[in-house]
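The letter at position 221 of the sequence shown is residue 221 when you use the UniProt record's numbering, and the numbering goes up by one with no holes.
Below you'll find the structure, written out as C-alpha cells, and then a few comments.
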Amino acid sequence: MASRSDVVFLMSKTCGKLRHMENPPETHLKVVGRLQALLSTLLLFRHRAHPEADTPNKEGNQLPRMSGRRIPTLPTVHRAKQALPKRFPAGRSFSNLSVHLGSLSGFETYRWRANLHYLEKCLDCRVSSSSDTLVNPTDSSYDNADPINGQKQCHHIPPSLLPSSRQSQDHLSPLKNKSHGISLTDPKTASFRNPRKALIALVSVVSLLSVLAVVVPVGLLVGRSKRDGSDFDNNNQSQLPASPSAVANFAISGGDGSTVTTDDGSTFIYSNRFGGFWVSDPDNPYNNDAQPNSWTPPLNQSWDFNKDKIFGVNLGGLFVLEPFITPSLFQRYPGAIDEWSLSVLMAADAANGGLGQIEHHYNTFITEKDIADIAGAGLNWVRLPIPFWAIETWDGEPFLAKTSWKYILRLLKWCRKYVPGSQNGGPSLFDSNPKGYNHSGRYGQVNFLRGIMGLANAQRALNYIRIIAEFISQPEWRDVVPMFGIINEPLLEAIGPDSLRSFYVAAHGLIRSITGYGAGYGPWIGIHDGFYGADSWRDFMRGGDRIFMDMHPYFAFNGGQTRVDPIANGTGSGAGGVWPGIACQRWNALFSNSRSEFGVTVAGEWSNGFNDCGLFLNGVGLPATYAGNCNLWQDSTNWDEATKAGLRKFATASMDALDSWFFWTWKIGNSTRGIVEAPLWSYQLGLEGGWIPRDPRTAYGTCSKLGSPLTPVKGPYPSWMTGGDGAGPPRDARSYPWPPSMIAGGGAPTIVPHYAATGIIATLPPPTYTASDGHTISSGNGWFNTQDTAPAPTPIQGCVYPDAWNPKPTAVSSQCLA
C-alpha cells in the first residue's frame, strides 16, 4: 500500500503543475481527486489505529488530529469543478470540495464538496512555522499586514483544512504541531473525553461568559421531586431550531473575502484582515476549529490568562431589553420604563403583534453578520446577558417566557463559527440586576438577598445557576461557554458583604458539585465586585477553583458627568485632552491591584461614555447629569475629526489600562429620529465612524506614551487559580455558610419566607442537528451530571407569599418558614 508521504509527494507534484495551467486536463483533475481520496483513506486508517496521539512522520511533521469521521482535506485546484464525480445532478452548484469517508469498513463511499473560492489561492498559502497565522508569501494583492508581527495574511483556507507549505509552494506537507477538531469523548465522564487538559476562561462569543444576575425570583413552578425534561413547553410559540435534513451546497469554511450563506439562504462577504476564518460544518456542528484572528487560540486550544488578552464586546439589549439600547421599542409604548411595563403594554396590543414584537427583536437585532463583524474587528470574546425568563416565568410575571432560548442557541452556534476562538462566551446568561435598574427586568427596589423575599429570590437564582451550569458543562458546549458570570452587578452596599459572600461561596460549590474541580471540569466562575473594588475581596475564596473578578469601570456613572473638559483637542498627540490620561490613571491601578491581590480580573463592561449623555441612558424620562450640553453627544453626525480623534484616544487608553475587557455594547438601535442617540456606547457605530480603533492591539503602549506606564501584575497566577494543583473548594467556605445569618431588611433566615425543595427541575433543551446521511447528531440532553437529581425550589403549599418583586412589610405565616 502506498505510504502517506508518497501520496503527498504525488499530490504536490500534480497540483504544482496544475496551478500553472489555464485549463487543466480533466484527466489530471481526476488524478488529483483520487490522490485526495487515497490520502484521506490513509489518514483515517492511521487515526483508527492510533487515535490517542499524532505520530511524527519522517519529515518530523504531525498530522492534524481528527474528530470522529471528519477527514482533513487537501487543497484542490482552480477549476476542480470539472473533476466532480458524474453521479452529482447536472446543474447542481458545488461550492466546497472535500473528501469524506462515509463508510468505516472498506472506505468505499466518498462525499465531495467544492469551494472554488478557496481553490484559486490554495497553493499560495502556507502556515508559518513560528505561529498559527496563515500567510501568503507571493500574492502582492494581500496588503493586510499584521501590525504587530509584520506578516501578511492569507485568509482563504483554515489550517484544519489546508496542509502547510514547507520548502516551496510545490511541496505540500501536513500541518506541523497542530491539533484541530473536537473530540466528544471524555474519560472524566462515562461517554465523553475532553482532549484539552485545560479549559479556558471567562464569560461568551462569541461568548458566552455568563452573567447570571437575578433580582427577582428565579425558580420552578410546582412539583415533583425528579427532573423532567418536559418542563420546557413544546407547545410554546417558539420552537427549537432544527438543522436541514440534507447538507446544503455551500462552503463549510472561509477567510477574508469568502462568501457566507446564512440559514435563510442570504449571503454576505466575510471581512477579516487579521487572519481569522470561520468554520460551519453541518456534519460536525460542534467543530471548534474556527479562529477569530491570528493571535487568538481557537476553541480547541487552551486560553492562558497569564498572556492571552480578552478583547470583547457585550451584546446588551438583545435578550434583556434596555431602553437606551433599543429606544424605539420603548418610544412605541409611552409609559414603558422597563421590560416589565413594556411587556404588559405589548401584551395588550395584539393588533400590532403583542409580545411577538419581542421575539421579532430577538430574531433581528443581532444577526449572523454582526458576529462575523465582531471577529473582523479584531475582537475575540462575546459577553451575553440572558434573563431568567429564557427558562420560565412564575405566575404574575409578564415577560415573554421560554422563547429567547432558541435564539440563544443560535447565537452560540454563530459564536462557535466566528468569534471567540478559544474564548467565547456568553458571559452573562442571566442579567437581572439587583439594583432594580431598568436593565434588571423591572425598575424599583432591590429584592435579591434583601428584604422579606430576599432569601426566597436567592433560592430561585441558585436554581437557575444550576440549570445553566448543567447545560454549558456538556461536552458539546463547554468550550464555547468557558466562563460563567453568576450574577450581574449586585449592590454590595444594599445586600451586605457577608450575605453576598455567602451567595458566591454557595454558587461556586453548587457549580463544582456538578462539574468537579480542576481545569477542564466546567466553566470559570465570575463574581462581581459589587462596585467596591479589589480591596474588599483581597483574601476571599483563596484556593477556589477558577474564579475571576468582574468589575465594571464607568466614567459616566462615577464622577465623569461633573467634568466638562473638552475631549476634542486636535488630531495629534494631544487628542482627547485630559481624558485619555485620566483613563490610564484611574483604571490601571484598579485592575492591576485586583489581578495582583485577588487573581484573574476582567472589565466586564466599560464604554466611551466620558459623560452620561444618551437617550434613556439614565432611564426613560430621566435627564442626564452632565454639566455640559448633551445635544452634541447624542448625534454623531455632527462630530468633527478632532472629536473622533479624541474619543479614539480615550478608547485606546481605556483598552490599554483595562488589559482584558468587554465594551458595553456592540450595538445601539436607532431612536424614532432614525439615528443612534447614545453613540458613545456603540462599538459598531464607533468602528464605522472612526472613533473606535479598527485593531484593538493598537492600544498597546498608549498609557506609557501618556506618562502613565502600566503597573505590572505580580508574577504568574498560582496553579490553583487556573484549575491546577490545589484547586478545590475555597479555604474560607466555612466562614460563609448558606443561608447567610442575616438578610438585610428582612432578618434572620428563620423568619423570612422560603421555597420548598420539592419542585420539578427544568432542563434547557439542546438544538436538533441532522447530518447529510439523515442521522441525528448528538447535542446532549441539557443535563451534564446525571447524579444531580435534587428537586427544585417551589412555593410551599398553603403559604401566601409577599410580592417577590415589590414586597411590603408584613407578618409572615409560619407555613412560609423553613
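Here a beta-carbon is modelled for each residue, glycine too, at the ideal position from N, C-alpha and C.
Here the structure is a predicted model, which means the values were calculated and not measured.
At which residues does the beta strand (DSSP E) containing residue 383 begin and terminate? In the sequence shown, residue 383 corresponds to position 383, counting from 1. Counting along the chain, the beta strand (DSSP E) containing residue 383 begins and ends at 381-383.
What are the complete beta strand (DSSP E) segments, minimum 3 residues, inside the stretch 700-748? Listed in chain order, the beta strand (DSSP E) runs fully inside the stretch 700-748 amount to none, counting runs of at least 3 residues.
Count the CB pairs spanning the stretch 692-710 and the stretch 332-347 that are closer than 8 Å, and state whether there are at least three. Result no; under three Cβ-Cβ pairs closer than 8 Å.
Just list the residues that DSSP pairs residue 769 with in beta bridges. In the sequence shown, residue 769 corresponds to position 769, counting from 1. 777.
Pairwise C-alpha distance: residue 463 and residue 488: Translated into the one-based positions of the sequence shown, residue 488 becomes position 488. Translated into the one-based positions of the sequence shown, residue 463 becomes position 463. So the alpha carbons of these two residues sit roughly 16 Å apart.
Looking only at its chain, what residues have a beta carbon closer than 6 Å to the beta carbon of residue 668, apart from the 5 residues adjacent to it on each side? Locating residue 668 in the sequence shown gives position 668, counting from the first residue. Result list for residue 668: 325, 676, 678, 681 and 682, in chain order.
Rounded to a whole number of angstroms, what is the C-alpha to C-alpha distance between residue 353 and residue 315? Here residue 353 is taken as the residue at index 353 of the sequence shown, counted from 1. Here residue 315 is taken as the residue at index 315 of the sequence shown, counted from 1. Distance between the alpha carbons of residue 353 and residue 315: 24 Å.
Determine the contact status of residue 543 and residue 730, defining contact as a CB-CB distance below 8 Å. Within the sequence shown, numbered from 1, the residue matching residue 543 stands at position 543. Within the sequence shown, numbered from 1, the residue matching residue 730 stands at position 730. Cβ atoms of residue 543 and residue 730: closer than 8 Å.
Assigned secondary structure, residue 783 (DSSP; H/G/I helix, E/B strand, else coil): Stepping through the sequence shown from its first residue, residue 783 is reached at position 783. In the structure shown, residue 783 adopts coil according to DSSP, grouped into three states.
Locate the alpha helix (DSSP H) running through residue 677, then write down its first and last residues. Indexing the sequence shown from 1 puts residue 677 at position 677. Residue 677: not part of any alpha helix (DSSP H); DSSP gives it neither H nor E.
Per-residue burial, residue 737 [other beta carbons within 10 Å of its own, 16 or more giving buried]: Locating residue 737 in the sequence shown gives position 737, counting from the first residue. Burial call: exposed.
Indicate the three-state DSSP secondary structure (helix, strand or coil) for residue 350 in the structure shown. Counting from one through the sequence shown, the residue named residue 350 turns up at place 350. In the three-state DSSP reduction, residue 350 falls in the helix class (H, G or I).
For residue 388, name the three-state secondary structure that DSSP assigns. Locating residue 388 in the sequence shown gives position 388, where the first residue counts as 1. In the three-state reduction of the DSSP assignment, residue 388 falls in the helix class, which pools H, G and I.
To which residues of the same chain is residue 401 closer than 6 Å at the C-beta, ignoring the five residues directly before and after it? Numbered from 1 along the sequence shown, position 401 holds the residue referred to as residue 401. Residues of the same chain with a CB within less than 6 Å of the CB of residue 401, apart from the 5 flanking positions on each side, are 389, 392 and 393 in chain order.
Candidates 637, 795 and 382, of which the one nearest residue 310 by Cα: Walking along the sequence shown from the start, residue 310 turns up at place 310. Of 637, 795 and 382, the residue nearest in Cα terms is 382.
Quick check on the DSSP output: what are the complete beta strand (DSSP E) runs of length 3 or more inside the stretch 271-350, in order along the chain? If one requires a minimum length of 3 residues, the beta strand (DSSP E) runs lying completely within the stretch 271-350 are 311-314, in chain order.
Which residue wins for smallest C-alpha separation from residue 376, given the options 469, 274 and 351? Taking the first residue of the sequence shown as 1, we reach residue 376 at position 376. Of the candidates 469, 274 and 351, the one whose C-alpha sits nearest the C-alpha of residue 376 is 274.
Return helix, strand or coil for residue 649, following the three-state DSSP convention. The count along the sequence shown starts at 1 and reaches residue 649 at position 649. Residue state, collapsed to three classes: helix.
When 283, 285 and 308 are compared against residue 295, the one with the closest alpha-carbon: Numbered from its first residue, the sequence shown carries residue 295 at position 295. Cα-wise, what sits closest to residue 295 is 308.
Starting from the C-beta of residue 785, find all residues in its chain whose C-beta is less than 6 Å away, skip the five residues before and the five after it, and write them out in chain order. Along the sequence shown, read from residue 1 onward, the residue named residue 785 stands at position 785. Excluding residues up to 5 positions away in sequence, 514 lie with their Cβ nearer than 6 Å to the Cβ of residue 785 in the same chain.
From the DSSP output, in three-state form, read off residue 655 for me. Within the sequence shown, the letter at position 655 stands for residue 655. Helix.
Measure the C-alpha to C-alpha separation of residue 788 and residue 763 and round it to an integer number of angstroms. The residue labelled residue 788 in the question sits at position 788 within the sequence shown. The residue labelled residue 763 in the question sits at position 763 within the sequence shown. For residue 788 and residue 763, the gap between their C-alpha atoms comes out near 12 Å.
Taking contact to mean 3 or more Cβ pairs, one atom from each stretch, closer than 8 Å, check whether the stretch 637-651 and the stretch 569-580 are in contact. Touching, per the Cβ criterion.
Distance CB(residue 821)-CB(residue 412) smaller than 8 Å: For residue 821 there is no data in the structure shown, the boundaries of the chain being 1 and 818.
In this structure, does DSSP put residue 811 in helix, strand or coil? Position 811 of the sequence shown, counting from 1, holds the residue named residue 811. Residue state, collapsed to three classes: coil.
Collapsed DSSP secondary structure at residue 471 in the structure displayed: Taking the sequence shown and counting its residues from 1, one reaches residue 471 at position 471. Here residue 471 sits in helix by DSSP.
Reduced DSSP secondary structure (H/G/I, E/B, other) of residue 750: As a working mapping, residue 750 is identified with position 750 in the sequence shown. Three-state DSSP puts residue 750 in a helix.
With respect to the beta strand (DSSP E) encompassing residue 603, which residues constitute its N-terminal and C-terminal limits? If you number the sequence shown from 1, residue 603 lands on position 603. Where residue 603 is concerned, the enclosing beta strand (DSSP E) stretches over 601-606.
Would you say the stretch 531-538 touches the stretch 800-813, given that touching needs at least three Cβ pairs under 8 Å? Verdict: no, contact absent.
Going by the CB atoms, is the gap between residue 416 and residue 590 shorter than 8 Å? Taking the first residue of the sequence shown as position 1, residue 590 is located at position 590. Taking the first residue of the sequence shown as position 1, residue 416 is located at position 416. Not closer than 8 Å, so no.
Buried versus exposed, by CB contacts within 10 Å (16 or more), residue 288: Walking along the sequence shown from the start, residue 288 turns up at place 288. By the neighbour-count rule (16 or more Cβ atoms within 10 Å), residue 288 is buried.
Looking at residue 564 and residue 609, is the spacing between their C-beta atoms short of 8 Å? Within the sequence shown, numbered from 1, the residue matching residue 609 stands at position 609. Within the sequence shown, numbered from 1, the residue matching residue 564 stands at position 564. Not in contact: residue 609 and residue 564 (Cβ atoms no closer than 8 Å).
At which residues does the alpha helix (DSSP H) containing residue 446 begin and terminate? Here residue 446 is taken as the residue at index 446 of the sequence shown, counted from 1. That residue, residue 446, is in no alpha helix (DSSP H); it is neither H nor E in DSSP.
Range of the contiguous beta strand (DSSP E) that encloses residue 757: Residue mapping note: residue 757 aligns to position 757 of the sequence shown, counting from 1. Note, residue 757: beta strand (DSSP E), 756-759.
Going by C-alpha to C-alpha distance, which of 651, 548, 585 and 491 sits closest to residue 601? Within the sequence shown, numbered from 1, the residue matching residue 601 stands at position 601. Of the candidates 651, 548, 585 and 491, the residue whose Cα lies closest to the Cα of residue 601 is 548.
Quick check on DSSP: helix, strand or coil for residue 525? For this step, residue 525 is matched to residue 525 along the sequence shown. Residue 525 carries a strand assignment under DSSP once its states are collapsed to helix, strand and coil.
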